[in-house]
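Enquirer: Numbered by mature numbering (1 follows the signal peptide of the UniProt record, and there is no 0), the letters in the sequence shown go through residues -20 to -1, 1 to 1225 in order.
One structure, as structure tokens, below. Some questions next.
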Amino acid sequence: MNRKLKLIILSLGISLFAFGDGDGSNHGSGHGNITPGTYSKENPFWTNNPEIFGDNREDYHVPRVSFDNLEEALKNTKYKDFKNSKNYKSLNGQWDFKMVNHPNEDLKDFYKDDYDISTWKKIPVPSSWQLHGYDQMRYNDTAYPWEYQKTQINHPDTPKDYNPIGYYKREFELPKDWKNKNIFISLQGVESAYYLYINGKYVGYSEDTFADHDFYLNKYLKEGKNTIGIKVHRWSDGSWLESQDMIKLSGIFRDVFLYGTPEVYIRDYKVVTDLDEKYVNGDLLLDVDLSTKDKYIPGEYILEGKVFHKGVEIKTFEKRFIIDEKIKNKKLSFKEHFVNPEKWSNENPNLYTLTLSLKNKKNETLEVLSDNFGFREIELKDNKIMVNGKKLMIRGVNRHEFVGDAGRTLSEETMIKDILLMKQHNINSVRSSHYPNDHKWYDLCDEYGLYVLDEANVETHGRLDEIPQDRVEWTEAVVDRQKAMVERAKNHPSIIMWSLGNESSTGKNFEIAHDWVKKADPTRLTHYEPQRSITDTYSRMYRSIEEMKVYTIYEDNKKPYIQCEFAHGMGNSIGNLQDYWDVMESNEVFHGGYIWDWVDQAIETKDEKTGKTYFAYGGDWGDEDFTDKNFSANGLIFADRTVQPEILEVKKVFQNIGMKPVDLINGKVEIENKFMFTNLDDYLGKWELLENGKVIKKGDFRVNLNPEKKKVLDLNIGKVKMEKNREYFLNVNFYLAKDENWARENHLVAFEQFKIENKNLEKINGDKFGKVTYVQDKSRIEVKGDGFKVTFDKNKGTVEKFNYKDEEILKSPMEFNFWRAPNDNDRGNGAMKRLNTWKEASQKSKVENYKVTNLKDKGVRIDFEIVIPTTTPSKVYTTYTICGNGEIIVDSSLYTSKDLPEIPEFSFISEMDRKYDNVTWYGRGPEENYIDRKTGYPVGIYNKKVKDFFIPYINPSETGNRSGVRWVSLSDKNKNGLLISTVDNNEPIEFNTLYFTPNELSSGKRHPIDLVENKNIVLRVIGKQMGVGGDNSWGARPHEKYQLLPGEVQSFSFKFRGMDKKVSPEEINMNNLPRQEKNQYLYKEEGEKENKNEISLSDMTFETVSSGYKNIIGKDRTIANNKLSLKVEKEIVTFDKGINVSPYSEIKINLKDKGYDRFTAYVGMDREVVGYRGGGTFKILLDGKEVFNSGYMNSFGKSQFVDLDISGKNEMVLIMENDKNESKYNHGTWADGKFIKKSLLSKLF
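Here it is, written out as structure tokens:
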């Protein structure tokens, strides 16, 4: 195509493509001026030719293989069933294979029949050749995988130093009854570009790794044996459009097969269903393309359609048509009406079967196609995404097509495993990130019920500021990839949206692509996160809760909001998901989102030395100098489909049944049905009343509640009688009432746990517990009682030894610990370096003061004042109360400077003999949970072995924690061991028990198999540990409420004792043992006194106020009601005081006779608008004269500190403006603003 003509087309925004209605052949869709079916060394398609991405290919169409009669077609309605047709021949299996490292080594004549391949090896097809010992796997997130090479290139060139080619050959014979058929070959997925040869002749060329391409073969074939040769280039110019965050592989990784058709055949068909305004009755709209090839019999033909439901024929229709010299191709359209058909949704995936029978004028069947479809309607209505008239809330995941033992080549069994796990964990939608998937996947989504956001194979993340943008040389390739996505999958009811691609910036090319998609399929919505201005949805990635709230305050934000990627699941993650979902459900504009992501991308690998299996990732393949390491491992499940503990949080947060307390003591709760189409009567309800973790009453119930409705339910549990010092929970659970195709009857679909407050508490008299004695020397204090002995280290303030019934329970001292092994989110935010002082200070305590107090008949008390050697020294004040019954109470408080970084953990760490490996606890479980990821783990009594606490995240990290713990015991086979519990009904504690120390887990070893197990059990009794985080893995920290902030007192208490089979953990936990006043070394914090010498800006009286958005300013909060937040140097800092405005803003303050001498503040764009790229300028006027001008500040930059002399001034004006004075998304903050008098300044300086 003429380049000038292309520019004209681009400038007019004209669509270049439409549904195929031509002769059925596609000679390279936008291939320029090449001759179809030609290839020469002088015109290499694979490099420097972005406008050539295919040669001699067929037009895109739905997958089609026909059957000889209706009966066979009805039995085989899915892609996987093609193999049962006589008109199908698989070419999967063992092929001869050879690879060279560079195109300069090209085996130019490999495709010729007489070429010697006797030294070639065998390779299975489908597969990726890197998984069979060839070449090198590479993993990069955004960078292109060749950028490490010495010779740098620019698009659309291809790598010069290393760029392998794989050569495939095999023989095949055609079925004898295919003589008069049109014969095609279909290649379902080849990475990244390939040339096809049959019997020594060139057939065609194609790019686009994840599209299926067909070629017409009749003129190349012969009777008897035929040979096929395929030359695959690892990287082509098309690879510039394939910069996805994935492990880079190569080869023929999906099916290859031949199929035959009659001379006149059904080339393609399109199914659309249209429901009426009440979503009751519907029309089936059907377009069928019929075609011919080299030869055909002119005359009259019949196309007969039938619709079946559950095996019963319910509709028949037909049309006759003529094929002759003038009409070689025909398009037929049908419209058939259905009265109240069963609708398709993810909750009720009702499918109908369509058959299309092509017959000659004698009514003889030539071929029959069959396919499943569903009646469902997707639309935007009242600015909401609607499915069959109901608002859709996406509870989704992103899913790369990947499995640990086979890379991109997934079996149907693996796909079904994925779907079952998704359905079982309340996931209702999947994004095909970032390319079209295997056809079998869409069939399964139709069958089991999953909404699909289907995505085109376009990503240029590594050069998104350059391509495709407005570059005309990439236009047709971008549009062709939309066509490849839409045309192949257009009939699947599961697909609700088309996505133009991922992270490829914006530009005219995507406008043209979007126009094509909307013209080709106006029945579905469109999505493209970078250029959301042109699509039906407002899509974002990894936006903070604060930014989400900002979107809701502007009435003109009408598009439905989706987070197409959020909750980054790298390693031990998915913290604060419940917080996100609370916001998602707070406003109708939000439609949920897609967690990143479903499955770890890692390769199952056997260690040659040990024989142990591990998951390999970037850096394990000789690519350690240019890799993004384990950033490919972000899944809720491991690459082998083993689930990770975080998926239970997803299941709980995503559940479709909401429950709230109403009158718990009388068994009344509010039930909300969040399903779109399902009455809750389809589920079996069960309730349990727990006393100290044990079920004391239970019952069943059913509730008749329509979708999207609420009601108060009386569970008829009777009034709860509260016993002294006991804890009560009410569990309300919903289960499947019958088997489904994705789970068995009694599968748990939703639960809620309510704590019933018990005020019937009473202290137990400590006089009954017996006497203890103590002795001490220079370094130790030894306390003895009946059957136990505990020794304290006077230098460190810790428990050195604990003996119970002549058995040493502790193998190492119980020391102070402030370190937890970083997870991937911690590593991404610099925690290893930033928090290192806490690692260095752990287990290095030094006593400054101590005191021993004899409590006479109530025991012995030891108080320690302890220095912790952090960069600014910290202090711990710890009291040990040793009681006569053998219980030791520990009260510990940590005091830190605000100069220190946040604290990873405040705990005691010790070791125990491995024989105490039976762990029972009363707390949250059964799986690993944390302060910001605990919703999906109800309080109960659980039991595990120590070895089962370790989760083998592919890059070792913090793992195994349990929160909300009331008591925990570690015991041997005779039930002897250690019991730890809370005190005085205080806050529950946390604990962790592993065979690895935190230091070993944070030692930098790459894989779990590299870790060295400790000889003993490592036990941590934890007061509080920071959350795991989950907003992202490249800078975000756990939310502030889930951190241990410096400058705040961190305190916790617990008690421990020896145990045997006579000791009852729940009874011991109820003992409210004798406590004394806080120890004498605890300094008292002075309450903040009213300071008349300064006043905060937000507490001042303003003379006049103007602010862009509705004249609203935020006082001590933002306009969107978030905490004030600015970037101060390199840190994100939140502020309790200040004001938040939007331009144009002007605030006048009367200073006359107030006596203020100085004004200080931090100014900048609030972090809540960082994703909206807002900006503005801050100015201060004193008595009409400008004394401060910040210059333009954007939302990514750091704040500025203002310090002004205002003595003797009468008026101050605070101004925030930007070029257009647009208020939307331009939220500026005057943080920690203070007016200060001299009397205070003299004290400060």
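In this text, a Cβ means the ideal position worked out from N, Cα and C, and glycines have one as well.
Which of the three DSSP states is assigned to VAL1008 in this structure?
Expert: Reduced to three states, the DSSP call for VAL1008 is coil.
Enquirer: For TRP126, count the other beta carbons within 10 Å of its own beta carbon; 16 or more makes it buried, fewer makes it exposed. Which is it?
Expert: buried
Enquirer: What residues in its chain sit with their C-beta under 7 Å from that of VAL755, if we drop five residues either side in the sequence?
Expert: GLU762
Enquirer: Give the list of continuous beta strand (DSSP E) stretches no shorter than 3 residues that lie fully inside the stretch 717 to 748.
Expert: 728 to 736
Enquirer: Cα-Cα, which of LEU400, ALA1211 and ALA1016 is closest to ARG724?
Expert: LEU400
Enquirer: Return the CA-CA distance between LYS1217 and LEU790, expressed in angstroms with no decimal places.
Expert: 58 Å
Enquirer: What is the rounded straight-line gap between the Cα of ILE637 and the Cα of LEU255?
Expert: 28 Å
Enquirer: Just to confirm, are ARG150 and ASP269 a CB contact at a threshold of 8 Å?
Expert: no
Enquirer: Would you call the stretch 342 to 361 and the stretch 374 to 385 in contact, with 3 or more CB pairs under 8 Å?
Expert: Under the Cβ criterion (8 Å, minimum of three pairs), the stretch 342 to 361 does not count as touching the stretch 374 to 385.
Enquirer: Figure out for me which residue from LEU283, PRO329, VAL287 and PHE47 has the closest Cα to the Cα of LYS339.
Expert: Measuring from the Cα of LYS339, the nearest candidate turns out to be LEU283.
Enquirer: From VAL525 to ASN1101, what distance separates their C-alpha atoms?
Expert: In the sequence as displayed, the identity of residue 525 is Ile instead of Val. Between ILE525 and ASN1101, the C-alpha separation is close to 11 Å.
Enquirer: With DSSP collapsed to three states, give me the class of GLY1188.
Expert: coil
Enquirer: What's the gap between the Cα of ILE934 and the Cα of PRO1018?
Expert: A direct Cα-to-Cα measurement between ILE934 and PRO1018 gives close to 21 Å.
Enquirer: Alpha carbon to alpha carbon, how far is TYR428 from GLU970? Give it in angstroms, no decimals.
Expert: 39 Å
Enquirer: Which value, in whole angstroms, describes the spacing of the CA atoms of SER474 and SER325?
Expert: The straight-line gap from Cα to Cα measures roughly 8 Å.
Enquirer: Give the DSSP-derived three-state secondary structure of LYS654 in the structure shown.
Expert: For LYS654, the three-state secondary structure derived from DSSP is coil.
Enquirer: Is the stretch 1137 to 1150 close to the stretch 1195 to 1211, with three or more CB pairs under 8 Å?
Expert: yes
Enquirer: In chain order, what residues of the same chain have a beta carbon less than 7 Å from the beta carbon of SER1076, not counting five sequence neighbours either side?
Expert: LYS1117, GLY1213 and LYS1214
Enquirer: If we count the other Cβ atoms within 10 Å of its Cβ and call it buried at 16 or more, is ASN829 buried or exposed?
Expert: Flag for ASN829 reads exposed.
Enquirer: Indicate the three-state DSSP secondary structure (helix, strand or coil) for THR455 in the structure shown.
Expert: helix
Enquirer: Tell me which same chain residues have a C-beta within less than 6 Å of the C-beta of ASN206, skipping the five on either side of it?
Expert: PHE152 and ASN179
Enquirer: Using only alpha-carbon positions, find the residue among ASP235, GLY1177 and MET1173 that is nearest to VAL170.
Expert: ASP235
Enquirer: Tell me the rounded alpha-carbon separation between LEU360 and THR658.
Expert: 22 Å
Enquirer: In the structure shown, what three-state DSSP assignment does LEU424 receive?
Expert: helix
Enquirer: Give the DSSP bridge partners of MET477, in chain order.
Expert: LEU433 and LEU505
Enquirer: For GLN74, count neighbouring Cβ atoms within 10 angstroms of its own Cβ and tell me buried if that reaches 16, exposed if not.
Expert: exposed
Enquirer: Exposed or buried, what is PRO416 when buried is set at 16 or more other beta-carbons lying within 10 Å of its beta-carbon?
Expert: buried
Enquirer: For ALA1141, does the three-state DSSP call read helix, strand or coil?
Expert: strand
Enquirer: Pull up the CB-CB distance for ILE736 and GLU891, whole angstroms please, since I reckon it's below 8 Å.
Expert: 38 Å between Cβ atoms; not a contact.
Enquirer: Can you check the stretch 781 to 832 for any beta strand (DSSP E) of at least 3 residues that lies completely inside it and give the ranges in chain order?
Expert: 790 to 797
Enquirer: Please classify ASP804 as buried or exposed, where buried requires at least 16 other C-beta atoms within 10 Å of its C-beta.
Expert: Under this definition ASP804 is a buried residue.
Enquirer: For VAL45, which residues in the same chain have their Cβ closer than 7 Å to its Cβ, ignoring the five residues on either side in sequence?
Expert: So the list reads PHE62, SER65, ASN67, TYR68 and TYR239, once near-sequence residues are dropped.
Enquirer: Quick check: what's the CA-CA separation for THR590 versus ASP990?
Expert: 10 Å
Enquirer: For the stretch 460 to 471 and the stretch 505 to 513, state whether three or more C-beta atom pairs, one from each stretch, are separated by less than 8 Å.
Expert: no
Enquirer: Determine the DSSP secondary structure at MET373, reduced to helix, strand or coil.
Expert: In the structure shown, MET373 sits in coil (DSSP, three-state: anything other than H, G, I, E or B).
Enquirer: Considering just the uninterrupted stretch of the beta strand (DSSP E) at ASN261, what are its terminal residues?
Expert: Where ASN261 is concerned, there is no enclosing beta strand (DSSP E), given that its DSSP letter is neither H nor E.
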